[in-house]
Amino acid sequence: MAHDQHFERVAYAYRGALQRLAAAYEPDAHEQEDLVQDILFALWRALPSFRGECSERTFVYRVAHNRALTHRRRLPRRGEELARADAVADPRADPAERAEAVQRREYLLDAVRRLPPAYRQAVTLRLEDLSNAEIGEVLGVNENTVAIRLTRARKALAELMHEEWSNA
Amino acid sequence: MPDALTNEWTELVEQWNAVDESAMHFDTLRARIDAERRRMIRGVFTDVVVSALFVGVAGYALVRFPSAWTRLFAVDVAVMLVATWAFAVWNRRGTWRPLGETTESFLRLARLRCRRKIQAVRFGVEVMIAQLVAVTAWRVWGPQQAPFVPTETLAILPVVVVVAITGWLALSRRRAARELAELERLHAQLSVDA
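Going down the list, the protein sequences come from chains C and Z.
For the record, in the first sequence the residue sitting at position 70 is 70 according to my numbering, with numbers rising by one throughout.
Count along the second sequence starting at 1, add 1000, and that's the number in my numbering.
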């Protein structure tokens, strides 16, 4: 089916972004996987309505953020144990460098998760390299609002990360 | 954006991406999609079958035990079915828009859906009360032994049905009200500076 093929292409293309987004909302690995599944499911339902009025990227992030915002923890149903995929090892990275990068990313993620939802959304999209205009399109707010949120969020993020470093 | 701020973000973007992508397994998702397809078909099928069942029972009663009381019963069933289907369609107006909307409109739609669920529960209570009144009137003024209720044991059935439906309605209302409260809270949090 064309719809299923389209969906699989989108899912593969955005899998990394969706996993990062899920990590910004859920600290637990299982919950992250559950959220990714929820987002993909929402995308499967939403894709037939995609008419190209916005870019595919904007569309995917809209669905993903909307789902992430309202995602509620639920226990895996019987027979629906979520298999946590093992991370694919990057052979280029030096183990020490890699460990440090992972640690720094954990601090960043912890800080992002502690931001209020409005700032968390803006920051997550900015970290995915979206422009202020694109972020505005995803969230339904104007560019000025995005700029204000990002400035405040950046400040809050710096404080939170500093706190993480100090506590470590 | 000033250069200093751009650099800060660039550094954060690097940290953000400093992790390997996990492989994704689509088996769980495919199973869920298939389950959802089955659930949608089952939902429509159940509504149609329940309605057909009511029509069948009323039709059978009309043919097998023709009387003024069975005609009244058939009218009651017809009114209930028409009202329920009409309400179901009316109550879904404006809630069919796609999922890929901005966060603002998504939340507005999600809250609307919750309010409609609460409205549907209220309608369910009203229909149930109307039916209770009808059944009570039937028992008081109607034929002492309804022709299509053959045993006394089955007389307890309406009580069981009423209790089950009341419980289900109360649970549905509580769930919808809780969801609405969460969405309102989320909306307030997201409107900090919009």
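Idealized CB from N, CA, C, for every residue including glycine.
In the same chain as Val63(C), and ignoring 5 residues on each side of it, the C-beta atoms closer than 8 Å to its own belong to Ile39, Ala42, Leu43 and Ala46, in chain order. Approximately 27 Å separates the beta-carbon atoms of Tyr107(C) and Val60(C); this is outside 8 Å, ruling out the contact.
Under the three-pair Cβ rule at 8 Å, the segment 155-162 of chain C counts as touching the segment 102-119 of chain C.
In the three-state DSSP reduction, Tyr14(C) falls in the coil class, being neither helix nor strand. Ser1105(Z) belongs to the set of residues whose beta carbon lies under 9 Å from a beta carbon in chain C. The Cβ-Cβ distance between Leu1107(Z) and Asn66(C) falls below 9 Å.
For Arg152(C), there are no CB contacts under 6 Å within the same chain when 5 residues up- and downstream are skipped.
Taking the CA atoms as reference points, Val1160(Z) sits about 18 Å from Trp1138(Z).
Its Cα nearest to that of Gln1015(Z), the residue Ala99(C) stands out among Tyr25(C), Ala99(C), Val141(C) and Leu18(C). Residue environment: Thr1103(Z) is assigned as buried (16 or more neighbouring CB atoms within 10 Å of its CB, all protein chains considered).
In the three-state DSSP reduction, Glu97(C) falls in the helix class (H, G or I). In the DSSP annotation of this structure, the continuous segment of the alpha helix (DSSP H) that includes Gly136(C) starts and ends at Asn132 to Leu139. Counted as a single uninterrupted DSSP element, the alpha helix (DSSP H) harbouring His162(C) occupies residues Glu143 to Asn167. Put simply, the CB of Ile1041(Z) is far from chain C, with every gap to its CB atoms at 9 Å or more. Distance check between Ala1068(Z) and each of Arg1116(Z), Trp1141(Z) and Thr1095(Z) places Trp1141(Z) closest, using alpha-carbon atoms only. Taking the C-beta atoms as reference points, Ala111(C) is found no nearer than 9 Å to Glu33(C). For Pro116(C), no alpha helix (DSSP H) encloses it, and the DSSP letter there is neither H nor E. Three or more beta-carbon pairs drawn from the segment 1077-1096 of chain Z and the segment 1114-1127 of chain Z are found closer than 8 Å, and the two stretches are therefore classed as touching. In terms of Cβ geometry, Glu128(C) and Ala23(C) do not form a close pair [threshold 9 Å]. Rounded to the nearest whole angstrom, the C-alpha separation of Ala68(C) and Leu35(C) is 7 Å. Lys1117(Z) sits buried, since 16 or more C-beta atoms from the chains shown fall within 10 Å of its C-beta. Bounds of the alpha helix (DSSP H) holding His1187(Z) are Leu1157 to Leu1190. In this structure, the straight-line span from the alpha carbon of Ile148(C) to that of Gly136(C) is close to 12 Å.
Taking each of Arg154(C), Ser166(C) and Asn167(C) in turn and checking the Cα distance to Glu1008(Z), the smallest one comes out for Arg154(C). Judged by their CB atoms, Leu1112(Z) and Thr70(C) are not nearer to each other than the 9 Å cut-off. With fewer than 16 other Cβ atoms from the protein chains shown falling within 10 Å of its own Cβ, Glu1011(Z) counts as exposed. Around the CB of Arg126(C), 16 or more other CB atoms lie within 10 Å, so the residue is classed as buried. If the five residues before and after Arg1173(Z) are omitted, its C-beta is found closer than 7 Å to the C-beta atoms of Ile1118 and Val1121, all from its own chain and listed in chain order. Under the three-state reduction of DSSP, Gly52(C) is assigned to coil, being neither helix nor strand. Ala1083(Z) places its beta carbon less than 9 Å from that of Val1127(Z). At a cut-off of 9 Å between beta carbons, Leu1183(Z) contacts chain C. Identification of residues in the segment 102-115 of chain C having a C-beta nearer than 7 Å to some C-beta of chain Z yields Val102, Arg104, Arg105 and Leu108, given in sequence order. Looking from the CA of Gln37(C), the closest CA among Ser55(C), Arg51(C), Tyr12(C) and Gly52(C) belongs to Tyr12(C). When 7 Å is used as the limit between beta carbons, Val146(C) is near no residue of chain Z, the shortest such separation being about 10 Å.
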